[in-house]
Every structure is written in structure tokens, then in C-alpha cells.
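Asker: Before I ask anything, let me first share the structure, which is written out below as C-alpha cells.
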């Protein structure tokens, strides 16, 4: 497999036009593209994606993207037919197996939240073994999941399942103040939140070159 350039975004919250998005082969957006997931917001997000040059554009929803939970088919249609939307599903692209899931631990009446424990664990158990790229909206426990108070809020059930799934790359967002990258054993974790906790689009996309033998961060 030749080297692929992956461009990772998350939590853009309608601030798409304020972002500088580098070119690449595959664009990955890990959810919360909108403020409240209205039709107008999703349509604007789809128009933003259409303007980007990447060959493949793969997105999942997040807790702000309500229409994807309420009217899944309508929301997918608003993205346009050249966007790959994943919801507990996967896709094979240029030698990569990518799986996407929008769920995160319950923290209020938001979209795609479930109580910690069995309810969330059953979602992670849907992920096949040996996925190359795992996209979730929220982080696993202990990995780029610390909020401003210092508390870690990631999902312990997802952390356990990562040992089975063993993705080379895990892309997520949700925790705005934990933007960055971390190497956890053989797994490169990327919190790709574009907006900080005050919803300012200050964090650049994380750019990764995917090679046969290694992943290389080339921009962040």
C-alpha cells in the first residue's frame, strides 16, 4: 500500500469557514460538525465538505448532531452523495478498514449518549477485530479525555475493547480541552477537536501519513 495522507477533524461546530484544511487523500471528521444538528447546519456542513479536494470524506455524528439520531436518512441525504457517513458501520478505502461510531457516555439529554456499562459496551462490541482506523466521537478512558477540572471522562468500556480491536489509529473529539495526540502502545490516538472549550476554532487539523510500517504525524 502506498502512503496515504489522512486529515483529521472533529468538533468544528459550524466554524468550517474559519478552518484551514490541508489537502490529503482521506478526510476524517469525528462528529459535532454542528451546534444543534438542524437541517440548515447539516446542509452547510455538506457544502463545506463538497468544497474540499480530498478523494474520500468519512464522517460520524456527535452529541450535538441531533438530526442524525432523529432522522438518519434525512441527515445523510443533506451531506451529499460523495460523503461516507458511518454509524456503527465500516468502510474499506484504499486498503484501510475504517469503522465509525457516534456514541459516548451519558451526560445529559444530548444525542448519541448512553449510560456507562452494558449499554455502551454493547455498542463497542459491534466493532470488528483488527480495524485499521477507529472513529468514535468520544475518547477511551485515560487517553486525551481530561476536562478543565482535571477529571478524566473517557469511556472505560471503550478502553477495554481497544485491546481487542487493536486499531493503528483512533480518531475522536468531544473533549475540547484535550486536543492532541498520544501513542498508547501500538495505537496512535488523536483528539482532533478543532474548537477549544469556548468554541473558538483554534486547533489545526491533525495530518497523518499512513505507511505500511509506520504512522507519521506531519501536521497539527
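In our numbering, the protein residues as written are 18 to 237. Even for Gly, the Cβ is constructed at its ideal location relative to N, Cα and C.
(1) Alpha carbons only, please: which of 205, 34, 190, 184 is nearest the one belonging to residue 66?
(2) Roughly how many angstroms lie between the CA atoms of residue 167 and residue 158, to the nearest whole one?
(3) How close, in whole Å, do the beta carbons of residue 214 and residue 229 come, if the pair is a contact with beta carbons under 8 Å?
(4) Please classify residue 142: is it buried, with 16 or more other beta-carbons within 10 angstroms of its beta-carbon, or exposed?
(5) Have a look at 90, 172, 224 and flag the residue whose alpha-carbon is nearest the alpha-carbon of residue 153.
(6) Find the nearest neighbour of residue 47 within the set 64, 202, 191, judged by alpha-carbon distance.
(7) Does the distance from the CB of residue 44 to the CB of residue 74 come in under 8 Å?
(8) I'd like the ranges of any alpha helix (DSSP H) spanning at least 4 consecutive residues and lying wholly in the region 142-201.
(9) Can you tell me where the alpha helix (DSSP H) with residue 52 in it begins and where it stops?
(10) Return the chain-ordered list of same chain residues with a C-beta closer than 6 Å to the C-beta of residue 148, the five sequence neighbours on each side being excluded.
(11) Give the range of the beta strand (DSSP E) segment to which residue 115 is assigned.
(12) What residues match up with residue 122 in a beta bridge as DSSP calls it?
Answerer: Reading off the structure:
(1) 34
(2) 13 Å
(3) In fact, because the Cβ distance is near 38 Å, the residues do not count as touching under 8 Å.
(4) exposed
(5) 172
(6) 191
(7) yes
(8) 173-182
(9) Residue 52 -> no alpha helix (DSSP H), and no H or E assigned at all.
(10) 114, 116, 182, 184
(11) 113-118
(12) 131
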